[in-house]
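**Q** In my numbering, the protein residues as written are 5 to 152.
We put the beta carbon where it would ideally sit given N, CA and C, even for glycine.
Bear in mind that the values here come from a model prediction, so they are computed numbers and not experimental data.
Below is one structure. I have some questions about it.
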């Protein structure tokens, strides 16, 4: 992991940097919003959020992993967010973050891990394939705004 001094659990103090990187992923958020989200997620044992931090304190990437239970497929581990700073892509940080997620999944007693990648994220598809993730399906996601 070039230029990174540590891989560690995310903490509330990371909110601004996590928000900055979430913006690179296409999900802009204010620091205050991210602070609230982290406060809700971090204490939950089914959530695993890790960051890669450079020697100068900047975050180079983060990964969010969730242990979830669904009626249709039972329990599973899913990578629900992964982003590496644009300037640090190709340095191995994404691989380190995913490897940590896989290790956490094994510790939870699972033998598989899921990830969904938007069809428009062309650069991420070969990344996961290099890590031996198998493309299972393509799906549509729908949203409906509800009246207040």
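#1: What residues in its chain sit with their C-beta under 8 angstroms from that of residue 12, if we drop five residues either side in the sequence?
#2: Going by beta-carbon coordinates alone, are residue 126 and residue 98 separated by less than 8 angstroms?
#3: Spatial neighbours of residue 112 within its chain, please: CB distance less than 8 angstroms, with the 5 preceding and 5 following residues excluded, ordered by chain position.
#4: Taking C-beta to C-beta, are residue 65 and residue 92 nearer than 8 angstroms?
#5: Less than 8 angstroms between the beta carbons of residue 67 and residue 86, yes or no?
#6: For residue 68, does the three-state DSSP call read helix, strand or coil?
#7: Could you tell me if residue 144 is buried or exposed, where buried requires 16 or more neighbouring beta carbons within 10 angstroms of its beta carbon?
#8: Taking only runs of the alpha helix (DSSP H) that begin and end inside the segment 107 to 146, which ones reach a length of at least 4 residues, in chain order?
#9: So residue 135 packs on residue 102, CB below 8 angstroms; how close in whole Å?
#10: Classify residue 123: buried if its beta carbon has 16 or more other beta carbons within 10 angstroms, exposed otherwise.
#11: Cα separation between residue 104 and residue 117?
#12: Taking the alpha carbon of residue 107 as the point to measure from, which residue in 89, 79 and 69 has its own alpha carbon closest?
#13: How many whole angstroms separate the CB atoms of residue 43 and residue 16, which I take to be in contact at a CB cut-off of 8 angstroms?
#14: Can you have a look at residue 149 and say buried or exposed, based on whether 16 or more other CB atoms are within 10 angstroms of its CB?
**A** Let me spell this out:
#1: Correct list, in chain order: 54, 55 and 57.
#2: Against a cut-off of 8 angstroms, the Cβ pair of residue 98 and residue 126 comes out as no contact.
#3: Here the set comprises 71 and 81.
#4: Residue 92 is positioned such that its CB atom lies closer than 8 angstroms to that of residue 65.
#5: In this structure, residue 67 sits near residue 86, with a CB-CB distance shorter than 8 angstroms.
#6: DSSP places residue 68 in strand when its eight states are reduced to three.
#7: With fewer than 16 Cβ atoms within 10 Å of its Cβ, residue 144 is classed as exposed.
#8: As far as the segment 107 to 146 is concerned, its whole alpha helix (DSSP H) runs of at least 4 residues are 128 to 134.
#9: Rounded, the Cβ-Cβ distance is 6 angstroms, consistent with contact.
#10: Classification of residue 123: exposed, given that the 10 Å Cβ count is below 16.
#11: If you take the alpha carbons of residue 104 and residue 117, they lie about 12 angstroms apart.
#12: Selected option, being the one with the closest Cα: 69.
#13: Contact between residue 43 and residue 16 holds: CB atoms are separated by about 6 angstroms, below the 8 angstroms threshold.
#14: So residue 149 ends up on the exposed side.
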